[in-house]
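Peer 1: If you scroll down you'll find the structure; I have some questions about it.
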Ligand SMILES: [Zn+2]
């Protein structure tokens, strides 16, 4: 098994994790009802995508 020769310093660990932050989700306004919704997805409040009504999936 590979064993690290030197311990990782707090600084180096922090630098490595500088790219790991979560990004804020981007919300676009629904053109139909004006509610904030995820872009390229069916609006959860009016069930519409590109002006067309999309029925929810039923199992
Ligand atoms: Zn909507």
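Residue numbers (this note's numbering): 1 to 59.
Every residue, glycine too, gets a C-beta built ideally from N, C-alpha and C.
Just so you know, these numbers come straight off a predicted model, no measurement behind them.
(1) Taking a contact to mean a Cβ-Cβ separation below 8 angstroms, would you say residue 39 touches residue 26 in this structure?
(2) Quick one: what's got a C-beta closer than 6 angstroms to residue 43's C-beta in the same chain, skipping five residues either side?
(3) Look at residue 45 and residue 35 and say whether their C-beta atoms are less than 8 angstroms apart.
(4) Going by DSSP, what residue range makes up the alpha helix (DSSP H) through residue 10?
(5) Are any of the Cβ atoms in chain D nearer than 8 angstroms to that of residue 6?
Peer 2: Here's the rundown:
(1) yes
(2) 30, 37
(3) yes
(4) Where residue 10 is concerned, the enclosing alpha helix (DSSP H) stretches over 10 to 16.
(5) As a matter of chain content, chain D is missing from the structure shown, which is built from one protein chain.
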